[in-house]
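Colleague: If you read the sequence shown in my numbering, its first letter stands for residue 1054, the second for the next number, and so on.
Note that the Cβ used here is the ideal one computed from N, Cα and C, for glycine as well.
Here the structure is a predicted model, which is why all the values come from computation and not from measurement.
One structure is given below, represented as structure tokens, and several questions about it will come after.
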Amino acid sequence: MAKSNIIIGGLVPFTTIDYPTKISAVLFLQGCPWRCIYCSNPHLFAFRKQTEQDKANYEYVLELLKKRVKIIDAVVFSGGEATAQADEIISCIEDIKEFAPHYKFGLHTNGCFPEKLSKVLPYIDWVGLDIKAPCKKYEQITTIKRSGEFAFESLEILIKSGKNFEVRTTADPTVLTKDDILEIAETVAKAGVKHYAVQRYRPVDRDNLNNPPAQMITQFFTDKEFEEKLRAIVPELEMRF
Ligand code: SF4
């Protein structure tokens, strides 16, 4: 019988891009305390109590993972902010290991709960941590005070843990400049980060009225000099356009 009271707000049953070199299923967990200006998952914001439907959803997910036990290699907890459900992640991993002891477990996090991250890390094999901006600009993206302090504290915890991880930044041209991204790369490289990714910003305004022009979005990916400067700072660089 399932032990976890996890609340899952979405599922991608099969992906090759959410855990390095592995085929994974991604569970999008409900609840996030931040309100990023580019968030594409606002339906996952709300923290709420587990319902009968949530229990049924979890049973469905376990059944699906059982059926795919020979097809996928990993399960990734994403969000929302997955670490908000740290205890439920741990019991969910225990549930899954009963039928798939070989699965790897990944975590996508914004780093907003350093203590919860510490708690869940021993159970996780790989982490993707968002560093959204230089610390002084964090609030402009997350709209939450002191959010940068929490994210950088989580980075320290992650580095000390010795786990495999990457740091990634969404290149939001409405807030970040190329100098900002170079500053992030310098900061995280000095802290000991080996793998850094710059991700393309995806406009969220479906009516297209307030979105930045395409050239502003692509500027981070078409400037070879900028890319070379970044690569000189963090050799394991990925430009995800
Ligand atoms: S941290 Fe992620 S889920 Fe939370 S508001 Fe920001 S983009 Fe959305």
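(1) Where do the ends of the beta strand (DSSP E) carrying N1217 lie?
(2) If we count the other Cβ atoms within 10 Å of its Cβ and call it buried at 16 or more, is H1161 buried or exposed?
(3) In terms of residue numbering, what span does the beta strand (DSSP E) encompassing I1234 cover?
(4) Between which two residues does the alpha helix (DSSP H) holding I1194 run?
(5) What's the call for A1099, buried or exposed, on a 16-neighbour Cβ count within 10 Å?
(6) Let me check understanding here. Comparing Cα to Cα, which of L1082, D1276, E1151 lies closest to N1058?
(7) In angstroms, rounded to a whole number, what distance separates the CA positions of V1044 and E1278?
(8) Roughly how many angstroms lie between the CA atoms of Q1103 and D1232, to the nearest whole one?
(9) In angstroms with no decimal places, state the Cα-to-Cα distance between E1280 and E1291.
(10) Please state whether the Cβ-Cβ distance between V1122 and V1079 is less than 9 Å.
(11) Going by C-alpha distance, which of E1168, P1086, V1257, T1074 is nearest E1206?
Modeller: Taking the definition as stated:
(1) Where N1217 is concerned, the enclosing beta strand (DSSP E) starts and stops at 1217–1224.
(2) buried
(3) Element bounds for I1234: not the beta strand (DSSP E) but the alpha helix (DSSP H), 1231–1244.
(4) Segment 1191–1195, the alpha helix (DSSP H) holding I1194.
(5) exposed
(6) L1082
(7) A question about residue 1044 goes unanswered here, because the residues of the chain that appear run from 1054 up to 1294.
(8) So the two alpha carbons sit approximately 44 Å from each other.
(9) 10 Å
(10) no
(11) E1168
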